[in-house]
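Undergrad: Just so we're aligned, residue 6 is where the sequence shown starts under this note's numbering, counting upward by one.
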Amino acid sequence: MSVKYISTALATLFCLMSAHAQYSVDLPYQEVKVTNENGKAVFSGAPSYGAPGQPKLPQYVVTFQIPSGTNTDNVKISVVNPVEKTLAGTYYVAPAQPPKKSIDTEANEYPEDAGVYEKNTFYPESWTGKMSYSKKRDRELVRVIVNACKYNPVTGKIKMLSGGKLVLTIDNQDGSTTYAPSSLRMASSTVASPVRMASSTVASKPAYVIITTNEIVRASTQLQKFIDQKTSDNYNVVVATENTWGGGIGDTASDRIRNWLVQKYQSNVLNIKYVLLIGNPHPDSGDVPMKTCYPRYDSLIKKREPTPTDYYYADLSGNWDLNGDSLFGTFQSDFGNGGADQEADVVVGRIPYYGNSTNLDKILTKSIRYENEVSCEWRKQILLPMEPSSASQGGFYLGEQVKTDFCVPNQWSYYRLYDEYNGYAKQVVPEVASMNPLPERLSCEEKDVLNTWQKDYYGAVLWWTHGSYTGAADVFSTDNTKYLDDTHPSMTFQVSCYNSHPETRDNLSYSLLLNGGITAIGATRESWYSDDTYYAKTGYNCGLGYEYMGNLIVNGLPSGDALVKAIESVIINDCKQWDNVIMFSLYGCPDMKLNIPSEMPLPPSSLKATPISMDKINLQWNEPENSNATLYNIELKVNNGKFNRIASVAAGVKNYTITGLSSNTKFHFRIRGSNNSIYSTYSNIDSTTTFGNCAKGKYISASSNKNPPKAAVDDNTSTIWTASSNYFPQTLTVDLGIATEIANSEIVFKRSGKIGDGYNYTIRTSLDKITWKTQINNSMNDDTSR
Numbered sequence: 006m007s008v009k010y011i012s013t014a015l016a017t018l019f020c021l022m023s024a025h026a027q028y029s030v031d032l033p034y035q036e037v038k039v040t041n042e043n044g045k046a047v048f049s050g051a052p053s054y055g056a057p058g059q060p061k062l063p064q065y066v067v068t069f070q071i072p073s074g075t076n077t078d079n080v081k082i083s084v085v086n087p088v089e090k091t092l093a094g095t096y097y098v099a100p101a102q103p104p105k106k107s108i109d110t111e112a113n114e115y116p117e118d119a120g121v122y123e124k125n126t127f128y129p130e131s132w133t134g135k136m137s138y139s140k141k142r143d144r145e146l147v148r149v150i151v152n153a154c155k156y157n158p159v160t161g162k163i164k165m166l167s168g169g170k171l172v173l174t175i176d177n178q179d180g181s182t183t184y185a186p187s188s189l190r191m192a193s194s195t196v197a198s199p200v201r202m203a204s205s206t207v208a209s210k211p212a213y214v215i216i217t218t219n220e221i222v223r224a225s226t227q228l229q230k231f232i233d234q235k236t237s238d239n240y241n242v243v244v245a246t247e248n249t250w251g252g253g254i255g256d257t258a259s260d261r262i263r264n265w266l267v268q269k270y271q272s273n274v275l276n277i278k279y280v281l282l283i284g285n286p287h288p289d290s291g292d293v294p295m296k297t298c299y300p301r302y303d304s305l306i307k308k309r310e311p312t313p314t315d316y317y318y319a320d321l322s323g324n325w326d327l328n329g330d331s332l333f334g335t336f337q338s339d340f341g342n343g344g345a346d347q348e349a350d351v352v353v354g355r356i357p358y359y360g361n362s363t364n365l366d367k368i369l370t371k372s373i374r375y376e377n378e379v380s381c382e383w384r385k386q387i388l389l390p391m392e393p394s395s396a397s398q399g400g401f402y403l404g405e406q407v408k409t410d411f412c413v414p415n416q417w418s419y420y421r422l423y424d425e426y427n428g429y430a431k432q433v434v435p436e437v438a439s440m441n442p443l444p445e446r447l448s449c450e451e452k453d454v455l456n457t458w459q460k461d462y463y464g465a466v467l468w469w470t471h472g473s474y475t476g477a478a479d480v481f482s483t484d485n486t487k488y489l490d491d492t493h494p495s496m497t498f499q500v501s502c503y504n505s506h507p508e509t510r511d512n513l514s515y516s517l518l519l520n521g522g523i524t525a526i527g528a529t530r531e532s533w534y535s536d537d538t539y540y541a542k543t544g545y546n547c548g549l550g551y552e553y554m555g556n557l558i559v560n561g562l563p564s565g566d567a568l569v570k571a572i573e574s575v576i577i578n579d580c581k582q583w584d585n586v587i588m589f590s591l592y593g594c595p596d597m598k599l600n601i602p603s604e605m606p607l608p609p610s611s612l613k614a615t616p617i618s619m620d621k622i623n624l625q626w627n628e629p630e631n632s633n634a635t636l637y638n639i640e641l642k643v644n645n646g647k648f649n650r651i652a653s654v655a656a657g658v659k660n661y662t663i664t665g666l667s668s669n670t671k672f673h674f675r676i677r678g679s680n681n682s683i684y685s686t687y688s689n690i691d692s693t694t695t696f697g698n699c700a701k702g703k704y705i706s707a708s709s710n711k712n713p714p715k716a717a718v719d720d721n722t723s724t725i726w727t728a729s730s731n732y733f734p735q736t737l738t739v740d741l742g743i744a745t746e747i748a749n750s751e752i753v754f755k756r757s758g759k760i761g762d763g764y765n766y767t768i769r770t771s772l773d774k775i776t777w778k779t780q781i782n783n784s785m786n787d788d789t790s791r
């Protein structure tokens, strides 16, 4: 599957008149594919969506940038000269299901909407869906949903939008010209229409704002060093305590912090790039709290389910309480034009502070060390533990898409832990059992994840499972974070519920930030997923995780920027998707970056380990073209141990034999290239077992005995069997007990050139001790061991 991760469409000026202006893009703006699988339509290339019970059809977003100050009542959208392609065959398009909480395990089927499924007409009626508006400083955006397909449930036919133009028109009330052609300029690679940006005076040096309290400033011994580090990074570091932003707790504090940020941002006094919150995040009693919002509040149902969020401090251009009901951030009344939106103005991170200055200083020190580390090649590897969320959602689909779309094309190493058995469905998962190659581990339990995380370094970790305040089911828990290597911390995205619960002092995200992680992104409340298996651009928890990892791996963005871009890229259709967007909060410094060298050598490929004796294994591999490696470092681990380097060979060498190994022991091997202490990612891991002595301990007899027959097969080369005379032939017989496949045999001669010694031998096998078959007949009269 090909993924265009950042759309780059150059819009055309379609028409320019005195009374209105128009922009257009050619359609289709994004390629969508439809396949027929046993009569069911399967869509790829764009996320699918529908109201519960209505056909679930693919859609994508086209974003236009419009002149600052445009009256949105005058903005119109249309599809001009649409080209509709009716697909051959008939299809069934299943009804959409409502999003599920990540604590839900049962998939309750929502029935077909008879008002749609019983009508002999194509649905939806229009090729365009909802328009939404957002603002970032002087940049005003219009997001338009395009319906890529229409479906007639009665005939089973599908129409695809295969041509035409998507046209945005701005009508001016006073009839004046909006702007002249010479004022056009390219705005952003993610925006379809380039328009003139209003001029403004912004402080040139980007600001790094730290929001905290006087008490924390006094208590920390490392904050000044952190400030010095950011200053050396060419940021204008501003530390704002309650003396500056106003103080208080809970909602009072959160509103005062945001108001201060808005004033500094919108007045251009500070060119704010990053905001780091250091304080107690408790939404009710914290001194630097998360804001309590109500994204899912419905004025008819009137059910209040609050979601604490730090996104309140990132989106500074809109009014988060548009209707003045004091229920901030509701999707129904506060999202969109003039309100909250998915276009963050600044990038926000947080270091929770629960009264322990030692913990804060540890995190600050680690952040400085991480940023200044020189050898960062180890970070080019991701850990992917995936658990099923329901009988129909295996989780592993997310890991496979991240692997296929991001890791493989960008030479990232990966380690997958998938369950072969879905406990909710009570059956083996055939897609996992038949993978080629199989997941690196066909088990995903907490002990497996801990063991894997301890024994290697991972720059990023993405998991999917049900969650709680201090745990991710069968994946990880707060109690196990203390066993992780904090000198090689990971950037984590946890597709789970509650992992960033701010009221819980040992919540899993904070515990990871304290030990084992450099940044941790998790949900403050119940997050929402779908049973879909396509994640790009979707507003579900798994879609955010997918987009975030793409921004880290493909685009190399800092952690906070990667989250902001993920939020900007997803489609938000309902309150639950909006809930997801604001609840996934970043713990850690928002500017932390993987900093993987761009000139890394390429890793070897197709590593194959082959046993050749009881103590020798031969390795063979392919060397990539233009590898840029000068050495290949060979690493070995025994059973479930840790990898250690055992040898290095020069570039150009493509095989190596390891000697002195234990017999009948499983060994795992991997190789990576190096050049002046810059390392490639690792090759594939290949495993094999040295030959074992299947005769040891079995019943053995001989035609005559001077020394006992068992001495011939006791794995001790200092003991031997000898016959009682020099007459030939002499025989040695081993009863293996059961039919056994023998891969190899080895004969070791103890004496050389002695009269009466025999070097000719025959090896025969039998299943019944009656009929014998000759396997080896050696007539070479020498004492060479074989």
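Quick reminder that beta carbons are idealized off the backbone N, C-alpha and C, glycines included.
The structure presented is a predicted model; accordingly, all values stated were derived computationally and were not measured.
(1) Using a threshold of 8 Å, state whether the C-beta atoms of Ala-567 and Tyr-551 are closer than that.
(2) By the three-class DSSP mapping on this structure, what secondary structure does Phe-733 have?
(3) Compare the C-alpha of Ser-633 against each of Lys-621, Ile-639, Ser-259 and Met-605 and name the closest.
(4) For Thr-206 and Gly-329, what's the separation of their Cα atoms in angstroms?
(5) Grab me the residues of Ala-571's own chain with a C-beta within less than 7 Å of its C-beta, minus the 5 sequence neighbours each way, in chain order.
(6) Grab the span of the alpha helix (DSSP H) containing Ser-495 for me, first residue to last.
(7) Spell out the partners DSSP gives Gln-337 in its beta bridges.
(8) What's the gap between the Cα of Lys-170 and the Cα of Val-559?
(9) Would you check if the distance between the CB atom of Leu-455 and the CB atom of Tyr-488 is smaller than 8 Å?
(10) Can you name, in chain order, every residue of its own chain whose Cβ lies under 7 Å from the Cβ of Lys-235, other than the five neighbours on each side?
(11) How close, in whole Å, do the beta carbons of Tyr-474 and Lys-105 come, if the pair is a contact with beta carbons under 8 Å?
(12) Does Ile-775 come out as helix, strand or coil in the three-state DSSP assignment?
(13) Look up Cys-381 in the DSSP assignment and say whether it is helix, strand or coil.
(14) Suppose you measure from the CA of Lys-738 to the CA of Ser-784; what does that come to, to the nearest Å?
(15) Measure the alpha-carbon distance for Val-267 versus Lys-296 and round it to whole angstroms.
(16) If you follow the alpha helix (DSSP H) that Phe-674 is part of, which residue opens it and which one closes it?
(17) At what residue ranges does the segment 88-125 contain a whole run of the beta strand (DSSP E), taking only runs of 3 or more?
(18) Mapping DSSP to helix, strand and coil, what is Asp-366?
(19) Using beta-carbon positions only, say whether Ser-723 and Gly-697 come within less than 8 Å of one another.
(20) Alpha carbon to alpha carbon, what distance is there between Pro-52 and Gln-406?
(21) Can you confirm whether the segment 305-321 touches the segment 368-386 when touching is taken to mean that 3 or more C-beta pairs between the two stretches lie within less than 8 Å?
(22) Around the Cβ of Thr-733, are there at least 16 other Cβ atoms within 10 angstroms (buried) or fewer (exposed)?
(23) Between the segment 394-404 and the segment 420-429, can you find at least three pairs of beta-carbon atoms closer than 8 Å?
(24) Which residue spans inside the segment 594-656 form an unbroken beta strand (DSSP E) run of at least 3?
(25) Taking 8 Å as the limit between beta carbons, can you name the residues of its chain near Asn-627, skipping five residues before and five after?
(26) Quick check on DSSP: helix, strand or coil for Thr-483?
(27) The alpha helix (DSSP H) that contains Ala-212, what's its start and end?
(28) Tell me which residues share the same chain as Lys-408 and place their Cβ nearer than 6 Å to its Cβ, disregarding the 5 neighbours each side in the sequence.
(29) Could you say if the segment 575-589 and the segment 640-657 meet the contact criterion of at least three C-beta pairs nearer than 8 Å?
(30) Mind reading off the beta-carbon distance from Leu-327 to Tyr-302? Whole number of angstroms is fine, and I expect it under 8 Å.
(31) Answer with buried or exposed for Met-6, where buried requires no fewer than 16 other C-beta atoms within 10 angstroms of its C-beta.
(32) By the 10 Å Cβ neighbour count, where 16 or more other Cβ atoms means buried, how is Ile-775 classified, buried or exposed?
TA: Result, derived from the coordinates:
(1) Going by C-beta atoms, Ala-567 is not nearer than 8 Å to Tyr-551.
(2) Three-state DSSP puts Phe-733 in coil, outside helix and strand.
(3) It is worth fixing the name first, because residue 633 is Asn in this sequence and not Ser. Answer by Cα proximity: Met-605.
(4) Because Thr-206 carries a pLDDT of 48, less than 50, the predicted location of this residue cannot be relied on, and the following value inherits that uncertainty. Using only the alpha carbons, I get a separation of about 32 Å.
(5) Taken in chain order, the residues that qualify are Leu-549, Glu-552, Tyr-553 and Asn-556.
(6) DSSP places Ser-495 in no alpha helix (DSSP H) but in the uninterrupted beta strand (DSSP E) bounded by 495-500.
(7) Gln-337 pairs with nothing; no bridge assigned.
(8) Computed Cα separation, rounded: 30 Å.
(9) One thing to note: Leu-455 has its Cβ within 8 Å of the Cβ of Tyr-488.
(10) Counting only Cβ-Cβ distances below 7 Å, and skipping sequence neighbours, we find Tyr-213 and Val-242.
(11) Contact between Tyr-474 and Lys-105 is ruled out by a C-beta separation of about 20 Å, above the 8 Å threshold.
(12) Judged by DSSP in its simplified three-state form, Ile-775 adopts coil rather than helix or strand.
(13) Reduced to three states, the DSSP call for Cys-381 is coil.
(14) In the sequence on display, residue 738 carries Thr and not Lys. In a straight line, the C-alpha of Thr-738 is about 20 Å away from that of Ser-784.
(15) Using only the alpha carbons, I get a separation of about 15 Å.
(16) If you look at Phe-674, you'll find it isn't in any alpha helix (DSSP H); it sits in the beta strand (DSSP E) that goes 671-680.
(17) List check, beta strand (DSSP E) in window: nothing returned.
(18) Residue state, collapsed to three classes: helix.
(19) No, Cβ-Cβ distance for Ser-723 and Gly-697 is not below 8 Å.
(20) When the Cα atoms are used, Gln-406 and Pro-52 turn out to be separated by approximately 14 Å.
(21) Judged by Cβ distances under 8 Å, the segment 368-386 makes no contact with the segment 305-321, as fewer than three pairs qualify.
(22) One point to set straight first is that residue 733 is Phe, not Thr, in the sequence displayed. Answer is exposed; the Cβ neighbour count stays below 16.
(23) With the cut-off at 8 Å, the segment 420-429 and the segment 394-404 touch.
(24) 610-616, 622-627, 636-643 and 649-655, all fully within the segment 594-656.
(25) Sequence-distant partners of Asn-627 (beyond 5 residues in either direction) whose C-beta falls short of 8 Å from its own C-beta, in its chain, are Pro-609, Ser-610, Ser-611 and Lys-659.
(26) Note: Thr-483 maps to helix in three-state DSSP.
(27) Looking at the DSSP string, Ala-212 is not in any alpha helix (DSSP H); the run it does join, the beta strand (DSSP E), is 211-216.
(28) Excluding positions up to five away in sequence, the list reads Tyr-419.
(29) Result no; under three Cβ-Cβ pairs closer than 8 Å.
(30) At roughly 13 Å, the Cβ-Cβ gap does not stay under 8 Å, so Leu-327 and Tyr-302 are not in contact.
(31) Caution is warranted here: a pLDDT of 32 is assigned to Met-6, below 50, making its placement in the model unreliable, and no coordinate value can be reported.
(32) The residue in question, Ile-775, is exposed, as its Cβ has fewer than 16 Cβ neighbours within 10 Å.
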